[in-house]
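First up is the structure itself, then whatever we jot down about it.
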Amino acid sequence: MADPFLSIQHVRKSFGATTVVEDFNLDVERGEFVSFLGPSGCGKTTVLRMVAGFEEPSAGKIVVGGKDITRLKPNQRNVGMVFQAYALFPNLTVAQNIGFGLKVAGMPRADIDARVAEMLGIIKLPQMADRYPYQLSGGQQQRIALARAIAPKPKLLLLDEPLSALDAKVRISLREEIRSIQKKLGITTIFVTHDQEEALSISDRIAVMYGGKAEQVGTPFEIYNRPATKFVANFVGTLNVLEGKVTDAASGKVQVDTQEVSLKGKLNGSKSGDTLSLALRPEAISLGRQPGRDSSLLGEIAEVHFLGSVIRVRVGIGGSMVSLDTFNNSATPPPAVGEKAEISFSSGDMLVLH
Amino acid sequence: MKSGKFWAWVVFIIGAAYFFIPLMATVEFSLRMRRGVHSFDAYQVVLGDPRFQSTFLYSVVAAICTIVLGVLIVVPAAYWIRLRLPQLRPIVEFITLLPLVIPAIVIVFGYIRMYGSNSPLPFLGSNWGANALLVIGYTTLALPYMYRAVDTGLRTIDVRTLTEAAQILGAGWGTIIGRVILPNVLIAVLSGAFLTFAIVIGEFTMASLLSRPAFGPYLQNIGANRAYEPAALAVIAFAITWGCMSLIQILSRFAPKSANRPN
């Protein structure tokens with residue numbers, strides 16, 4: 001990346017003796033949508049708050065558009081932010097809320113009105129201008145909060161878990177709306193979430209965070225399919241983990257339970273006799289032998305959950321349990337608990353976790 | 355259930371009687387100035403007394419100044435403590451309670467010693483200075499009520515997030531307090547203001563010892579020397595208090611709508 005628009009360089013944040021963010025580095029291109037994904041307490045919101053100016057980094061610097069903003073106050077940064085709790089001003093109408101930043105900037109009244117109308121059009125709530133926040137649903141309030149954040153044309157848009165307080169249906173529709181507005185306006189955006197599905201579905205890139213550090217930064221495809229660490233593999237998506245023992249490092253033979261699978265080319269650095277954690281995504285596994293899948297393991301059906309269009313099956317292999325989903329086919333009855341079963345997969349889909 | 359309702363009514367009637375019987379007796383007595391008939395003579399005398407008008411006006415102006423000064427001190431202080439210094443809250447609460455523990459007479463004697471005409475801050479050397487000192491003293495007396503009212507109001511809003519939302523939109527501290535915080539605690543400020551008004555209108559000790567022409571010393575003077583006029587004044591004072599309460603109720607309808615106060 002030759003000229004990043006936002007550059008977070010070696011940022012550290014400590015509260016007393018506790019370090020919550022450690023040597024965090026990230027470059028974001030202009031117009032890019034980057035998500036910070038991680039569990040509670042991983043430091044993702046702290047990094048966002050440092051970009052906003054609400055927290056001052058203990059070390060490192062933050063550069064936006066070539067300008068060092070590390071020591072600037074929040075009201076001098078020209079950054080828009082949407083909060084988890086909406087944070088609309090209860091005493092102001094929707095139009096006054098959206099126009100707040102413009103009024104503070106001293107924009108003439110006519111221009112404010114025009115921009116507010118434009119924003120209401122973008123968020124598809126043109127009839128709500130005179131309502132008060134308490135008269136709106138959670139989803140509507142958050143759309144107003146988004147409009148308020150982008151009305152002053154900020155350089156950067158920060159979204160701090162904006163969908164967490166909403167119900168599932170609204171969450172999905174609003175995240176798609178946020179993404180489409182972001183693309184339309186081309187605004188560089190940082191999105192903080194602990195919901196992997198949210199991050200995977202709308203991000204250009206994801207920074208998976210753990211213990212105050214970025215464990216991996218990559219596209220959703222890379223993060224999901226080529227997790228760099230055990231934490232990323234476990235945190236993003238559902239993962240079946242099997243313990244294996246390297247029986248022949250040279251030919252890539254690994255023993256799982258009492259059965260052998262071949263993982264040629266994946267055992268870099270492992271020696272015969274080493275114990276490994278092997279991971280398989282549920283969608284990479286089929287029940288029974290399938291064409292194109294070069295590896296298989298035998299086990300016993302332990303659980304069968306009928307979920308309508310999908311049947312979730314758990315197969316016991318030695319001491320481990322493997323989950324897989326099969327489509328419901330009315331012509332084929334689901335497998336019965338206790339039946340012997342064979343699962344097949346492509347050895348290329350098996351991840352060796354370090 | 356029926357028995358519970360019966361006792362609730364009994365308690366209500368006892369409470370109402372405790373409150374209304376003396377009030378009705380006062381009203382009745384205030385109408386007896388003319389021998390043998392009920393009349394408003396006592397009210398005419400009181401309202402026609404130029405000293406009533408001047409002292410009442412003085413106390414109203416003092417009350418308004420006290421409210422303005424109290425709001426200017428308490429709102430930013432309570433806001434800042436909630437936002438940045440929550441660990442100081444118990445200490446500040448204790449300090450604001452001191453005027454309830456320390457009698458006004460102690461405070462005013464302290465003022466007289468500290469701000470006499472020979473002191474470095476000779477407030478008492480001029481009328482304006484003494485008036486200012488009286489307002490400052492009243493602000494201190496009203497502190498427990500004003501602080502609690504504002505602090506309770508601040509508790510109903512998410513002070514930190516609203517502040518951050520305003521900050522990120524470019525607002526400075528003045529705009530944040532004036533356009534975001536104050537309008538959202540207006541009802542609380544109004545109730546604090548009403549309590550302050552009630553305290554100032556009837557306050558005697560400070561006004562008397564600082565020799566200010568306020569309503570409290572006038573009430574005392576009339577009460578000591580007349581029979582029917584004090585009763586009329588008491589009724590007028592009640593009417594003013596109730597008028598204030600009604601005004602606050604009306605104002606609260608026009609106050610900003612809050613997400614915490616739906617419909």
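Quick mapping for you: the protein sequence lines, in order, are chains A and B. Here the first sequence is numbered in my numbering, starting from 1 and rising by one per residue. Here the second sequence is numbered in my numbering, starting from 355 and rising by one per residue. The beta carbon of each residue, even a glycine, is placed where N, CA and C say it ideally should be. Treat the numbers as computed from the prediction; the structure is a model and nothing was measured.
1. With DSSP as the reference, label B/G369 as helix, strand or coil.
2. For a contact meaning CB atoms closer than 7 Å, what does B/A519 contact in chain A?
3. If you compare alpha carbons, which of A/V116, A/A85, A/K61 and A/I317 is closest to A/T93?
4. Closer than 7 Å by C-beta to B/Y501: which residues in its own chain qualify, once you throw out the five before and the five after it? Chain order, please.
5. Between which two residues does the beta strand (DSSP E) carrying B/I535 extend?
6. Quick check: is any heavy atom of the ligand FMN less than 7 Å from the C-beta of A/K103?
7. Hey, B/Y572 and B/F406 are a contact pair by Cβ (cut 8 Å); roughly how many whole angstroms apart?
8. I need the straight-line Cα distance from A/M321 to A/G252, nearest angstrom please.
9. Would you verify that the beta carbon of A/P220 is, or is not, closer than 8 Å to some beta carbon of chain B?
10. For the region 42-73 of chain A, enumerate the residues whose C-beta is nearer than 9 Å to any C-beta of chain B, in chain order.
11. Residues of the region 139-152 of chain A in Cβ contact with chain B at a cutoff of 9 Å, in chain order, please.
12. Could you work out which residues of chain B lie near A/V104, taking near to mean beta carbons separated by less than 9 Å?
13. B/A591 and B/G556: beta carbons closer than 8 Å?
14. Going by Cα to Cα distance, which pick from A/V254, A/L297, A/A149 and A/L276 is closest to A/L88?
15. Report the residue from A/G31, A/Q135 and A/V304 whose alpha carbon sits nearest the alpha carbon of A/P334.
16. Have a look at B/R580 and B/V446 and give me their C-alpha separation to the nearest angstrom.
17. Determine the contact status of A/L125 and A/R143, defining contact as a CB-CB distance below 8 Å.
18. Rounded to whole angstroms, what is the Cα-Cα separation between A/D167 and A/V261?
19. If you run the structure through DSSP and keep just helix, strand and coil, what is B/D512?
20. Comparing alpha-carbon positions, which option in A/L351, A/H10, A/D3 and A/V34 lies nearest A/V192?
21. In chain order, what are the residue ranges of uninterrupted beta strand (DSSP E) at least 3 long that sit wholly in the region 281-323 of chain A?
22. Please decide whether A/F191 counts as near chain B, where near means a Cβ-Cβ distance under 8 Å.
23. Which word fits B/S413, buried or exposed, when buried means at least 16 other C-beta atoms lie within 10 angstroms of its C-beta?
24. Helix, strand or coil: which one does DSSP assign to B/A613?
25. Under a CB-based cut-off of 8 Å, is A/F36 close to chain E?
26. In this structure, does DSSP put A/G106 in helix, strand or coil?
27. List the DSSP bridge partners of A/S7.
28. Under 8 Å Cβ to Cβ from A/L72, same chain only, skipping five residues before and after it: list those, please.
29. Where does B/R509 land, buried or exposed, given buried means 16+ other C-beta within 10 angstroms?
30. From B/G507 to A/F83, what distance separates their C-alpha atoms?
31. Is B/G470 closer than 8 Å to B/L478 when the C-beta atoms are compared?
32. Look up B/V489 in the DSSP assignment and give the residues it is bridged to.
33. Determine whether the beta carbon atoms of A/K155 and A/N78 lie at a separation below 8 Å.
34. Scan the region 140-175 of chain A and note each continuous beta strand (DSSP E) run of 3 residues or more that stays entirely inside, going in chain order.
35. Between the C-alpha atoms of B/I367 and B/K359, what's the straight-line distance to the nearest angstrom?
In this structure, then:
1. Counting from 1 along the second sequence, the entry for residue 369 of chain B is found at position 15. Per DSSP, reduced to three states, the secondary structure at B/G369 is helical.
2. Within the second sequence, residue 519 of chain B is the residue found at index 165, counting from 1. Within 7 Å Cβ-Cβ: F83 and A87.
3. Within the first sequence, the letter at position 93 stands for residue 93 of chain A. When each option's Cα is compared against that of A/T93, the closest is A/V116.
4. Looking up residue 501 of chain B in the second sequence gives position 147. Short of 7 Å from the beta carbon of B/Y501, and not among the five residues preceding or following it, lie these beta carbons of its own chain, in chain order: V428, A432 and T450.
5. For the purposes of this step, residue 535 of chain B is identified with residue 181 of the second sequence, where counting begins at 1. In the DSSP annotation of this structure, B/I535 is not part of any beta strand (DSSP E), being labelled neither H nor E.
6. Ligands displayed in this structure: none; no statement on the ligand FMN is therefore possible.
7. Numbered from 1 along the second sequence, position 218 holds the residue referred to as residue 572 of chain B. Numbered from 1 along the second sequence, position 52 holds the residue referred to as residue 406 of chain B. Indeed, because the Cβ distance is near 7 Å, the residues count as touching under 8 Å.
8. Here residue 321 of chain A is taken as the residue at index 321 of the first sequence, counted from 1. Here residue 252 of chain A is taken as the residue at index 252 of the first sequence, counted from 1. Taken atom to atom, the span from the alpha-carbon of A/M321 to that of A/G252 is near 23 Å.
9. The residue you call residue 220 of chain A lines up with position 220 of the first sequence. Chain B contact via Cβ: absent.
10. Going along the region 42-73 of chain A in chain order, one finds R49, A52, G53, F54 and K73 with a Cβ nearer than 9 Å to chain B.
11. Listed by position along the chain: Q141, A145, R148, A149, A151 and P152.
12. For the purposes of this step, residue 104 of chain A is taken as the residue at position 104 of the first sequence. At a beta-carbon threshold of 9 Å, the residues of chain B lying near A/V104 are A520, L523, G524, A525, G526, T529 and R533, ordered along the chain.
13. Numbered from its first residue, the second sequence carries residue 591 of chain B at position 237. Numbered from its first residue, the second sequence carries residue 556 of chain B at position 202. Remark: C-beta atoms of B/A591 and B/G556 approach each other more closely than 8 Å.
14. Taking the first residue of the first sequence as 1, we reach residue 88 of chain A at position 88. That would be A/A149, whose Cα lies nearest to the Cα of A/L88.
15. On the first sequence, residue 334 of chain A is found 334 positions in, with the first residue counted as 1. Comparing Cα-Cα distances from A/P334 to each of A/G31, A/Q135 and A/V304, the minimum goes to A/V304.
16. Counting from 1 along the second sequence, the entry for residue 580 of chain B is found at position 226. Counting from 1 along the second sequence, the entry for residue 446 of chain B is found at position 92. In a straight line, the C-alpha of B/R580 is about 44 Å away from that of B/V446.
17. Taking the first residue of the first sequence as position 1, residue 125 of chain A is located at position 125. Taking the first residue of the first sequence as position 1, residue 143 of chain A is located at position 143. Taking the C-beta atoms as reference points, A/R143 is found nearer than 8 Å to A/L125.
18. Counting from 1 along the first sequence, the entry for residue 167 of chain A is found at position 167. Counting from 1 along the first sequence, the entry for residue 261 of chain A is found at position 261. About 44 Å.
19. On the second sequence, residue 512 of chain B is found 158 positions in, with the first residue counted as 1. Reduced to three states, the DSSP call for B/D512 is coil.
20. Numbered from its first residue, the first sequence carries residue 192 of chain A at position 192. Of the candidates A/L351, A/H10, A/D3 and A/V34, the one whose C-alpha sits nearest the C-alpha of A/V192 is A/V34.
21. Entirely contained in the region 281-323 of chain A, the beta strand (DSSP E) runs reaching 3 residues are, in chain order, 285-287, 295-306 and 310-317.
22. Position 191 of the first sequence holds residue 191 of chain A. The beta carbon of A/F191 sits no closer than 8 Å to any beta carbon of chain B.
23. For the purposes of this step, residue 413 of chain B is identified with residue 59 of the second sequence, where counting begins at 1. Looking at its Cβ environment, which holds 16 or more other Cβ atoms inside 10 Å, B/S413 is buried.
24. In the second sequence, the residue the question calls residue 613 of chain B occupies position 259. Summary for B/A613: the model assigns pLDDT 43, below 50, so the residue's position carries little reliability, and this model does not support an answer.
25. This model lacks chain E altogether, as its protein chains are A and B.
26. Translated into the one-based positions of the first sequence, residue 106 of chain A becomes position 106. In the structure shown, A/G106 sits in coil (DSSP, three-state: anything other than H, G, I, E or B).
27. Residue 7 of chain A sits at position 7 when you count from the first residue of the first sequence. In the DSSP secondary-structure assignment, A/S7 is bridged to A/D27 and A/V63.
28. Here residue 72 of chain A refers to the residue found at position 72 of the first sequence. Here the set comprises G53.
29. Translated into positions along the second sequence, residue 509 of chain B becomes position 155. Exposed is the call here.
30. For the purposes of this step, residue 507 of chain B is taken as the residue at position 153 of the second sequence. For the purposes of this step, residue 83 of chain A is taken as the residue at position 83 of the first sequence. Near 22 Å, if we compare the C-alpha coordinates of A/F83 and B/G507.
31. Reading the second sequence from its first residue, position 124 is the one you call residue 478 of chain B. Reading the second sequence from its first residue, position 116 is the one you call residue 470 of chain B. Inclusion of B/L478 and B/G470 in the CB contact set at 8 Å is warranted, their separation being smaller than that value.
32. As a first step, residue 489 of chain B must be located in the second sequence, where it is residue number 135. Per DSSP, B/V489 has no beta-bridge partner at all.
33. Start at 1 with the first residue of the first sequence, and residue 155 of chain A comes out as number 155. Start at 1 with the first residue of the first sequence, and residue 78 of chain A comes out as number 78. Yes, the Cβ-Cβ distance between A/K155 and A/N78 is below 8 Å.
34. The DSSP assignment places 156-160 as complete runs of the beta strand (DSSP E) inside the region 140-175 of chain A, in order along the chain (cut-off: 3 residues).
35. Within the second sequence, residue 367 of chain B is the residue found at index 13, counting from 1. Within the second sequence, residue 359 of chain B is the residue found at index 5, counting from 1. Roughly 12 Å separates the two Cα atoms.
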